[in-house]
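So that you can map any letter, position 138 of the sequence shown is 341 in this note's numbering, and since no number is skipped, the others follow by simple counting.
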Amino acid sequence: MKSDTLRTAMIIQAYHPHIGGAERQLAALAPLLQDQQVDVQILTRRYPGLAPFEIIDGVPVHRLPIPGPKPVASLSFTMTALPLLKQLKPDVIHAHELLSPTTTAITAKRLFHVPVVAKVLRGGVLGDVAKLKRKPLGKKRILSFRKHVDAFITISHEIDEELDELGIDQERRPFIPNGVDTERFKPLPLTAKKTLRKTLNLPDVPIVIFTGRLAAEKRVDQLVALWPQVRAVHPDALLLVLGTGEEETALKQAAGAGIRFEGRVDNVVPYLQAADLFVLPSATEGLSNALLEALSIGMATVATQVGGAPDVIDHQRSGWLVPPDQPFALQEAIVTLLNQPGNCAELGQRGRDYVVRKYSLPVVAERLRTLYERVARPSNAKAVLV
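Shown next as structure tokens:
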């Protein structure tokens, strides 16, 4: 191994084939980090049917047992992770979430004197900090994290403000957003759109799309409920819902005309390319991968003003922002943009231009590499932008 290679142990609650925002981010970034001389090892929980070890896209994945209920499972994971971390000898431990992954990481730091980076996945009432405050001994854990974590990665200004309120210094709060594969998620020429719609068995009508987990906080129920009012203005409009989750059955039962559920779709790119408008009605978010993907495609987007959406969308210039849990405002934005296809094209182009500059995966991977260098080798590290 070359002397300038950085060994990084990533700790995350779940990993491939489990699919969520954090898992997708790590899966996309890990191979790029390997290319930048970061030796990545992933430590995650072993769920039924999964192998204890495998290599995925060139990245070693260690799945550790989690017997028993939650508190026991977390303790068991930590106790199994510690000897493995001692063996791996990482230069940096990167915890993905402030809860049990960070607890495992700082336990290892205290034993092996390895610096710790913790990524805060989500802000708001359902975010990492709020959850931590509600936990038993939450205040004590916050004090411990504040003392032992070398850097807290923030992916939105909302999260940054929450960490500021906890008394964490700005230099320990680098802003490193989620990234998106801008080469994969790219626009399709308008001339090819009709053909693509035929391939996907989609009608040639105004198409509004949602992609993501069908969970309560995503507020897809509000989107379904307001759809008849959208169709009162655009009778042929189609709402295309991609994804699965605990709300799926209820949403299908509530859905009226002009709504189509596609279930789990492994490759959402052609569906985004075939649609006209992306909508994210969430009550809470970190920095939505689905939103970044839609912006990268060059689509007009409507998103609620939560999490990282205000950081990535310049209202009415590169997309539209609406207040959360205000269905009428969401409905008005959808109808207005469907009335303005020319404006949609301009919004989409500006949104893509910004995402390519600031949120492309190579840019994010380089910022992570620089952060690891800073905390692991402070004497010769470059400054990290905050």
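Just so you know, even glycine gets a beta-carbon here, dropped at the ideal spot from N, CA and C.
Buried or exposed (CB count within 10 angstroms, at least 16 for buried), residue i
i    : result
E365 : buried
K585 : Any reading at K585 needs caution, since the residue's pLDDT is 49, under 50, leaving its predicted position unreliable; the model's value is listed next. K585 should be labelled exposed.
V241 : buried
P297 : Correcting the residue identity first, residue 297 is His in this sequence and not Pro. Classification of H297: buried, given that the 10 Å Cβ count is 16 or more.
S491 : buried
A354 : buried
Q425 : buried
A395 : exposed
G545 : exposed
E226 : buried
T452 : exposed
L393 : exposed
Proximity of residue i and residue j at Cβ, strictly below 9 Å
i    : j    : result
F256 : I269 : no
I410 : L495 : no
T385 : R344 : no
G554 : L475 : no
A478 : I412 : yes
L541 : L550 : no
G466 : W430 : no
Own chain partners of residue i with C-beta closer than 7 Å, once the 5 adjacent residues on each side are dropped
i    : result
S359 : G326, G489, L490, G510, G511 and D514
D331 : E300, L301, L302, V323, L324 and R325
V319 : I296, A298, A308, I309, K312, H351, V352 and D353
L329 : E420 and T487
E361 : G326, G327 and G510
L287 : L246 and H265
R349 : L369, G370 and I371
Cα-Cα separation between residue i and residue j, rounded to whole angstroms
i    : j    : result
R520 : V559 : 16 Å
R210 : T573 : 13 Å
K397 : C547 : 17 Å
R485 : G223 : Checking the displayed sequence, the identity of residue 485 turns out to be Ser instead of Arg. If you take the alpha carbons of S485 and G223, they lie about 15 Å apart.
R376 : V383 : 21 Å
V482 : R570 : 29 Å
Q534 : R577 : 46 Å
M204 : R248 : Note that M204 scores a pLDDT of 42, beneath 50, so its modelled location is shaky; the value from the coordinates is reported in the next line. Their Cα atoms are separated by approximately 28 Å.
T402 : P473 : 10 Å
K273 : P220 : 21 Å
K336 : L369 : 11 Å
V317 : K342 : 24 Å
L588 : A428 : Here L588 scores only 45 on pLDDT, less than 50, and its place in the model should not be relied on; the value that follows carries that caveat. Taking the straight line from one Cα to the other gives about 43 Å.
L314 : S347 : 14 Å
Y250 : G446 : 21 Å
P530 : Q237 : 44 Å
Same chain, Cβ closer than 8 Å to residue i, neighbours up to 5 away in sequence not counted
i    : result
D592 : The chain is shown only over 204 to 589; residue 592 falls outside these bounds and no answer can be derived.
A418 : G448, E449 and E450
L291 : R210, A212 and Q244
Y575 : L209, T211, V241, D294, V295, H297 and V320
T283 : L267 and P268
L508 : This sequence places Gln at residue 508; Leu is not what is there. Correct list, in chain order: L524, V525, P526 and P527.
Beta-carbon proximity list for residue i, same chain, < 6 Å, skipping 5 on both sides
i    : result
D367 : none
S277 : S303
N-terminal and C-terminal residue of the alpha helix (DSSP H) that residue i is part of
i    : result
K322 : No alpha helix (DSSP H) holds K322; the beta strand (DSSP E) holding it covers V319 to K322.
I537 : P530 to L541
E549 : P544 to K561
Q432 : V423 to V436
V567 : L564 to A579
L285 : K273 to L291
I345 : G341 to H351
I362 : H360 to E368
Where the beta strand (DSSP E) containing residue i begins and where it ends
i    : result
F315 : No beta strand (DSSP E) holds F315; the alpha helix (DSSP H) holding it covers S303 to F315.
R463 : I462 to G466
T211 : L209 to I215
A258 : The residue you asked about is not Ala; residue 258 is Ile in the sequence shown. Its beta strand (DSSP E) spans residues F256 to I259.
D242 : V241 to R248
V332 : Note, V332: premise wrong, no beta strand (DSSP E); alpha helix (DSSP H) at D331 to R337.
Any non-hydrogen atom of the ligand ZN within 8 Å of residue i CB
i    : result
G551 : Looking for the ligand ZN in the displayed structure turns up nothing, as the structure carries no ligands at all.
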